[in-house]
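> Got a structure here, written out as C-alpha cells. Questions coming.
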Amino acid sequence: MTDQKKAKKKAIKDSQLIVRIAGSERDRFVSLCDTLDTSAAREIRRFIRGFLKEHEDHPDGQ
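43 is the number that this note's numbering gives to position 40 of the sequence shown; each next residue is one higher, with no gaps.
This is the structure we're talking about:
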C-alpha cells in the first residue's frame with residue numbers, strides 16, 4: 004500500500020449525510036455494489052469526491 008493510500012485510509016470520517024431515496028433504488032444500489040465487490044458508502048464517497056473535483060473552480064466550491 005502506498006503512503007498516499009495509507010494517509011487516505013487514516014482520514015478521519017466524523018460526519019454523516021442522510022439521504023432519503025426510494026427503498027427499491029437503495030436495494031438495487033446496495034445489491035449492485037455487492038456484485039461489484041464494493042460498498043455503498045465507498046461509492047457515495049467516490050461520487051462526492053469526484054463531484055467536488057469537477058466543480059472545484061466554482062465560486063461556491065470553497
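Using N, Cα and C, we set each Cβ at its ideal position, and we do this for glycine too.
The model shown is predicted, which means the values in this text are computed figures rather than measured ones.
Report the option in Cys36, Asp30, Leu55 and Ile47 whose CA atom is closest to the CA atom of Gln19.
Ile47
> Mind checking if Phe54 is an interface residue toward chain C, Cβ cutoff 8 Å exclusive?
Structure shown: chain C not included; a single protein chain is present.
> Which whole-angstrom value is the C-beta distance of Cys36 and Ser42, which I expect to be below 8 Å?
6 Å
> Do you know offhand how far Thr38's Cα is from Pro62's?
38 Å
> Could you compute how far the alpha carbon of Asp6 sits from the alpha carbon of Lys13?
Going from the Cα of Asp6 to the Cα of Lys13 covers about 11 Å.
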